[in-house]
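Q: Converting from the sequence shown to the numbering used here requires adding 1217 to each position, the first position being numbered 1. Glycine residues also receive a C-beta, built at the ideal position from the N, C-alpha and C atoms. Got a structure here, written out as structure tokens. Questions coming.
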Amino acid sequence: MDHADAVLAVLLALALTGPDDTNLTEADIDQLMAAGVPVQIVTAPPTPCQTTQHCAYHGWCRRWAPEFATIMSAVNKVLRTDQLSALLAVFTPANLTSRHDRTRHMTATSWKYDADRDDPLANLRIPVTSAHPDWRYIACFDRESEARPTDLEAAQLASYIEQYKVYFFGANSWYKRKLEEQPFDADAVTRVFHKWADDDWSYRVDTWQYGPFWVPLAPRFRGGEFAAHLYADEAAIGPLTLVQVMDRDKHMHTEYPSKDWATWKAVHPEVFPA
């Protein structure tokens, strides 16, 4: 076994044993030795100090087990070799086809986003992506929508993103200016907006794990058994206009509506006409 093969074997062993750096088998040790790494067996104390972030995460630290730290430093040195980089090059995202098909809408050298670079909505800082965007955009438009936004709806989407930045970061904050140095605004949680037809919109939050995928439901599910079960205590919603969907996201239909969102719409009548 040559050095490169030994390094790859060590990496695969570590990947299979999980994030705990201490979970090495005898076979793993053999691979380390084949790679030319000095190996010694260390019996660790029963409890780590748990006083550093590294110690709390990995269950050991240099202060607690200096001999073991020496071994792990040698392992890390092997894992950082040029041979390993060459071996792993074929596993990088740029060389794989992901479920979102990252390379369909960008080039490797000039475009790092999964959003469509040449879509006209990009000029308004609106990312056009799948329903599972790779980036934490503030909001985006689903490219699989059955219909495109009107000019007014596009302005509303752009205004929704702007309101988010003003509300959370301030109208003239350094962080807002930093975000705007990039083509799109990314922060924490993404809202994805989908248009089914004229005045028929839905949205989803990319962190949702339970409940319907879209709110309101996709048209084909409205009026069925699932909708009846889902909205047993209220009238089934949909279709809704884009503004009505945004209002729902801002809890305008609840007893705790967003006053800031109401004020924002009121001071931008050109985008949100009464």
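#1: When you compare only the Cα positions, how much space is there between glutamate 1363 and valine 1460?
#2: Report the partner residues of phenylalanine 1358 according to the DSSP bridge assignment.
#3: So if DSSP puts valine 1422 in a beta bridge, which residue, or which two residues, is it bridged to?
#4: State buried or exposed for aspartate 1415, treating a residue as buried only when at least 16 other CB atoms are found within 10 Å of its CB.
#5: Check for me: the alpha helix (DSSP H) holding tryptophan 1352 runs from which residue to which?
#6: Please report the straight-line C-alpha distance between tryptophan 1352 and aspartate 1331, rounded to a whole angstrom.
#7: Helix, strand or coil: which one does DSSP assign to aspartate 1466?
#8: Please classify tyrosine 1473 as buried or exposed, where buried requires at least 16 other C-beta atoms within 10 Å of its C-beta.
#9: Excluding five sequence neighbours on each side, which residues of the same chain lie with their C-beta closer than 6 Å to the C-beta of tryptophan 1478?
#10: Check whether the region 1399 to 1408 and the region 1354 to 1372 touch, using three or more Cβ-Cβ pairs below 8 Å as the test.
#11: Under three-state DSSP, which class holds valine 1488?
#12: Nearest to tyrosine 1381 by CA position, among Pro1490, Ala1251, Ser1475, Glu1487, is which residue?
#13: So, at 6 Å on beta carbons, what are the nonlocal neighbours of tyrosine 1392 in its own chain, with the 5 sequence-adjacent residues on each side left out?
#14: Within 10 angstroms of the Cβ of alanine 1491, are there 16 or more other Cβ atoms? Answer buried if so, exposed if not.
#15: Going by beta carbon distance, what residues of the same chain come within less than 6 Å of aspartate 1417, once the five residues before and after it are set aside?
#16: Along the chain, where does the alpha helix (DSSP H) that runs through tyrosine 1427 open and close?
#17: Report, in whole angstroms, the separation of the C-beta atoms of alanine 1375 and arginine 1342, which I expect to be a contact under 8 Å.
#18: Assuming valine 1462 contacts tyrosine 1420 under a Cβ cut-off of 8 Å, what Cβ separation, rounded to an integer in Å, is found between them?
#19: Rounded to a whole number of angstroms, what is the C-alpha to C-alpha distance between histidine 1485 and aspartate 1423?
#20: Could you give the residue range of the alpha helix (DSSP H) that holds tryptophan 1328?
#21: Do proline 1344 and phenylalanine 1430 have their CB atoms nearer than 7 Å?
#22: Let me know the secondary structure DSSP gives alanine 1375 once reduced to three states.
#23: Alpha helix (DSSP H) containing threonine 1480: first to last residue?
#24: Go ahead and pull the three-state DSSP assignment for alanine 1403.
#25: So, for arginine 1360: in the same chain, excluding its five sequence neighbours on each side, which residues have a beta-carbon less than 7 Å away from its beta-carbon?
#26: Starting from tyrosine 1392, follow the alpha helix (DSSP H) in both directions and report where the run begins and ends.
A: By the coordinates alone:
#1: C-alpha separation (whole angstroms): 18 Å.
#2: Per the DSSP secondary-structure output, phenylalanine 1358 pairs in a beta bridge with Val1345, Phe1410.
#3: Partner(s): Arg1408.
#4: Of the residues assessed, aspartate 1415 falls on the exposed side of the cut-off, its CB having fewer than 16 other CB atoms within 10 angstroms.
#5: Per DSSP, tryptophan 1352 belongs to no alpha helix (DSSP H) and is neither H nor E.
#6: Straight-line Cα distance between these residues: approximately 7 Å.
#7: Annotated three-state conformation of aspartate 1466 is helix, per DSSP.
#8: With fewer than 16 Cβ atoms within 10 Å of its Cβ, tyrosine 1473 is classed as exposed.
#9: Apart from sequence neighbours up to five positions away, the residues of its chain that approach tryptophan 1478 with a beta-carbon distance below 6 Å are Lys1467, ordered along the chain.
#10: Yes, the region 1399 to 1408 is in contact with the region 1354 to 1372.
#11: Coil.
#12: It is Ser1475 whose Cα lies nearest to the Cα of tyrosine 1381.
#13: Excluding residues within five positions, the ones whose Cβ falls inside 6 Å are Phe1386.
#14: So alanine 1491 counts as exposed.
#15: Cβ within range, chain order: Pro1456.
#16: Per DSSP, tyrosine 1427 belongs to no alpha helix (DSSP H) and is neither H nor E.
#17: Going by Cβ atoms, the distance from alanine 1375 to arginine 1342 rounds to 6 Å, so yes, they are a contact pair.
#18: Right, the Cβ-Cβ distance comes to about 5 Å (below 8 Å), so this counts as a contact.
#19: Histidine 1485 and aspartate 1423: Cα-Cα distance of roughly 28 Å.
#20: No alpha helix (DSSP H) contains tryptophan 1328, which DSSP labels as neither H nor E.
#21: In this structure, phenylalanine 1430 does not lie closer than 7 Å to proline 1344 by Cβ.
#22: Residue state, collapsed to three classes: helix.
#23: Residues 1476 to 1483.
#24: Here alanine 1403 sits in strand by DSSP.
#25: Cβ neighbours of arginine 1360 beyond the five flanking positions: Asp1333, Val1345, Thr1346, Ser1347.
#26: Unbroken alpha helix (DSSP H) run through tyrosine 1392: 1391 to 1396.
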